[in-house]
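So that you can map any letter, position 149 of the sequence shown is 501 in this note's numbering, and since no number is skipped, the others follow by simple counting.
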Amino acid sequence: MRISFRNQVNLLKNCLNSFDPVSNASRYDCLTNLSSLPFSNHQDLIHYYDALLFVIAYPADEAQRSLAEKEMQRISSFLKSSVKDRNQRLVNSGLPFTQMITRFSHDMVRWLLVHPHCKIILDDFVNPSHTLNDVLRLTLPSIEQAETTAGLENIELMDALQITPAKRLQFLINELARFDELPYVKDHLFDRLQTVVSITPTSKALSKAFNRLPIAETYVHNDLLRKIDSSAILNAAVPAPIYLDMTAKETAVRVVKNAMLLTGRETDPCTYMDENSFRWYRLERGISIAIYGMVPSRQMPLESYVGYTAFKNGYPVAYGGAWVFGERANFGINIFKPYRNGESAFVMAQLLRLYRHVFAIRYFEIEAYQFGLDNPEGIASGAFWFYYRFGFRPLDKQLKALALKEERKIKARKGYRTSQKVLVEFTASNIGLALGRKIPPKVQDIAIRVTKMIRQHFGGDRLIAENECRMRFLHKTGMDEPSTKAENLVLTEVALWAEALQVEERGKLEILAEMITIKPKDVYAYQSLLLQFYHPG
Numbered sequence: 353m354r355i356s357f358r359n360q361v362n363l364l365k366n367c368l369n370s371f372d373p374v375s376n377a378s379r380y381d382c383l384t385n386l387s388s389l390p391f392s393n394h395q396d397l398i399h400y401y402d403a404l405l406f407v408i409a410y411p412a413d414e415a416q417r418s419l420a421e422k423e424m425q426r427i428s429s430f431l432k433s434s435v436k437d438r439n440q441r442l443v444n445s446g447l448p449f450t451q452m453i454t455r456f457s458h459d460m461v462r463w464l465l466v467h468p469h470c471k472i473i474l475d476d477f478v479n480p481s482h483t484l485n486d487v488l489r490l491t492l493p494s495i496e497q498a499e500t501t502a503g504l505e506n507i508e509l510m511d512a513l514q515i516t517p518a519k520r521l522q523f524l525i526n527e528l529a530r531f532d533e534l535p536y537v538k539d540h541l542f543d544r545l546q547t548v549v550s551i552t553p554t555s556k557a558l559s560k561a562f563n564r565l566p567i568a569e570t571y572v573h574n575d576l577l578r579k580i581d582s583s584a585i586l587n588a589a590v591p592a593p594i595y596l597d598m599t600a601k602e603t604a605v606r607v608v609k610n611a612m613l614l615t616g617r618e619t620d621p622c623t624y625m626d627e628n629s630f631r632w633y634r635l636e637r638g639i640s641i642a643i644y645g646m647v648p649s650r651q652m653p654l655e656s657y658v659g660y661t662a663f664k665n666g667y668p669v670a671y672g673g674a675w676v677f678g679e680r681a682n683f684g685i686n687i688f689k690p691y692r693n694g695e696s697a698f699v700m701a702q703l704l705r706l707y708r709h710v711f712a713i714r715y716f717e718i719e720a721y722q723f724g725l726d727n728p729e730g731i732a733s734g735a736f737w738f739y740y741r742f743g744f745r746p747l748d749k750q751l752k753a754l755a756l757k758e759e760r761k762i763k764a765r766k767g768y769r770t771s772q773k774v775l776v777e778f779t780a781s782n783i784g785l786a787l788g789r790k791i792p793p794k795v796q797d798i799a800i801r802v803t804k805m806i807r808q809h810f811g812g813d814r815l816i817a818e819n820e821c822r823m824r825f826l827h828k829t830g831m832d833e834p835s836t837k838a839e840n841l842v843l844t845e846v847a848l849w850a851e852a853l854q855v856e857e858r859g860k861l862e863i864l865a866e867m868i869t870i871k872p873k874d875v876y877a878y879q880s881l882l883l884q885f886y887h888p889g
């Protein structure tokens, strides 16, 4: 009987996340059979590639891992020598030597222009709301600005400016870089151009299979953890971060950024990463986690958006972040598609554990989008119950009671599934996990008080309010006015905070003053100051 590539791929997918002797034997047989078959159509190859990623991240033994690694090498060699039109069917797949056509932010494109493992060019402008005329009349040397008044189309304008096709993307990035000191203006203008780029890898390193961290030892699986004791994991101490020399850190940062690039995604902490804040932790069962904050110009008011990438045996398997403020953090998680049938609950628990101990978090909150609000995939997967099993509960009392009622039905009725209607109802409220008795304050609480203070005491005039509150704060603390833009921004934030909440205690004012120099440069030290502010002594 003839063995087909598609049939073997389907058999492999069916036994991927089972580790009993029969499944292990079946998985090995499938890999052996597939290694002797020519590659089939592009869709089957993508499914095979994703299955191989899972095998290498969750190997049952060294023989299967080695065989999967060899198949990844075979796929890479095949695609490197493939005709161009064949690889065009694999656009945005993340396979070796296959093109990506997508949109990214200005800063991400600028990083890609000097990436050692790819070439990037301007592909098109798709339904832009601004023309190049609109944008370049703000950036070009005055002697050339007349070109923007002739009504030329985008490409015609670049031709008139004698920008060759190979230089067009660099030209755009350079022109918008004039607004680096006004990053949100720059983002606005670049986004309105709807610039689509084409990225062509020049090395297999820029692919999902070969974008990974070096590891000393592979964790081999006898089974997957289906049930976990989340409380025990969250309470377990966290080891010290792994020391990374300059070369190792550069490699790790590139792997983190590549993981987003290869899936056409961005997060602010990844794109605007402060590499000085980069920490890497090695945990159990082949899990390691990198966390990182953002450069001063991209930091959020008062809270810290700290991103993460979780790895399994060196492979990026999840990404997201937490909005940290004192003892609370809003948390978000995204598991990369090839690994969603792995130990997702264990990965989630390790992430919460890390944030809990590194930042002394006592309360986590998850926004409704994560489990279904404007997110059909979250509803279809029943993501609400994934978080519920960790102890997360709706903040709304009525929805909390509804969830308890549904939980009892699930336990009492075999095969019972919560209806889509009820799952949608749950998205009317965020969900929280309290690790202590009190729910810590949030930035929004301060913002509401600031808005009220500005209305009551300054007639709604923000400019006067900022200047007056800054002067009062400097007078109370005896500080000199900061010299840097980043510190001045924090001064305004803490001055409004102090005025709105009537902070007069000397010790607390000193902590707020110290935040002005610390927040822009050290996310961990800044968090320590927040904890001291709310729990002095």
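Heads up, the beta-carbon is just placed ideally off N, CA and C, and yes, glycines get one too.
Count the other C-beta atoms from every protein chain shown that fall within 10 angstroms of the C-beta of residue i, then say buried if there are 16 or more, exposed otherwise.
i: H887; result: exposed
i: Y536; result: exposed
i: N574; result: exposed
i: I806; result: buried
i: E845; result: buried
i: R705; result: buried
i: E505; result: exposed
i: D459; result: buried
i: P390; result: exposed
i: T952; result: Nothing in the structure corresponds to residue 952, since the chain is present only between 353 and 889.
i: N563; result: buried
i: Y595; result: exposed
i: S494; result: exposed
i: K609; result: buried
i: R789; result: exposed
i: K680; result: Per the sequence presented here, residue 680 reads as Arg, with Lys not at that position. Counting Cβ neighbours within 10 Å, R680 comes out buried, since at least 16 surround it.
i: K837; result: exposed
i: E602; result: exposed
i: Y657; result: buried
i: D726; result: exposed
Going by CA-CA distance only, name the one from the options that's closest to residue i.
i: Q884; options: K860, A732 and I868; result: K860
i: Y633; options: Y644, T623, Y624 and M625; result: Y644
i: H709; options: A557, L504, A589 and D748; result: A589
i: R741; options: S388, Q546, Q651 and S696; result: S696
i: K560; options: I473, P690, Y671 and E758; result: P690
i: I639; options: T570, E627 and A681; result: T570
i: S433; options: K422, N444, K601 and P448; result: P448
i: L490; options: R530, I816, T516 and D511; result: R530
i: F698; options: E818, M646, Q395 and R637; result: R637
i: I641; options: Y660, M652 and M625; result: Y660
i: I762; options: F711, W737, G743 and R520; result: W737
i: G678; options: E655, Y671 and N385; result: E655
i: I453; options: S550, L364 and G446; result: S550
i: E421; options: Y667, R822 and V802; result: Y667
i: V875; options: T623, T450 and V676; result: V676
i: A568; options: E618, G616 and N665; result: N665
i: Q360; options: V795, N376, F371 and S387; result: S387
i: G743; options: I731, A732 and L756; result: L756
i: T483; options: S418, G811, V842 and E499; result: E499
i: I731; options: E717, R765, D748 and K773; result: K773
i: P593; options: R631, A600 and N385; result: R631
i: M598; options: N628, P621, L613 and C622; result: N628
Based on the DSSP output, what are the partners of residue i in its beta bridges?
i: P746; result: I783
i: V676; result: S656 and A681
i: P668; result: F663
i: L474; result: V549
i: E717; result: N682 and G784
i: R454; result: One detail in the question is off: residue 454 reads as Thr in this sequence, not Arg. Answer by DSSP bridge pairing, in chain order: V549.
i: I731; result: BP columns for I731 are empty, so no partner.
i: I687; result: A670
Using 8 angstroms for Cβ pairs, my map puts residue i next to residue j. What's the rounded Cβ distance?
i: Y707; j: I713; result: 5 angstroms
i: Q898; j: F477; result: In this structure the chain extends from 353 to 889, so residue 898 is not present and cannot be described.
i: A701; j: L534; result: In fact, because the Cβ distance is near 41 angstroms, the residues do not count as touching under 8 angstroms.
i: R544; j: P480; result: 6 angstroms
i: S781; j: L751; result: 5 angstroms
i: L541; j: V487; result: 5 angstroms
i: G694; j: L576; result: 7 angstroms
Residue i: beta carbon under 8 angstroms from a heavy atom of the ligand GDP?
i: R417; result: The model on display carries no ligand, and the ligand GDP is accordingly not part of it.
State yes or no: is the beta carbon of residue i nearer than 9 angstroms to at least one beta carbon in chain C?
i: Y691; result: Chain labels in this structure do not include chain C; a single protein chain is all it has.
Report task. Could you tell me which uninterrupted alpha helix (DSSP H) segments, each at least 4 residues in length, are contained entirely in the stretch 795-870, listed from first to last along the chain? Result -> 795-810, 814-829, 837-852 and 858-870
Report task. Output the residue ranges of the beta strand (DSSP E) runs that lie fully inside the stretch 534-614 and measure 3 residues or longer, sorted by chain position. Result -> 547-553
Query - Continuous beta strand (DSSP E) assignments of at least 3 residues falling wholly in the stretch 626-655 - result: 631-634 and 639-644
Query raised in the report: Enumerated in chain order, which unbroken segments of the alpha helix (DSSP H) with a length of 4 residues or greater are wholly contained in the stretch 391-451?
Result: 394-409, 414-432 and 436-439
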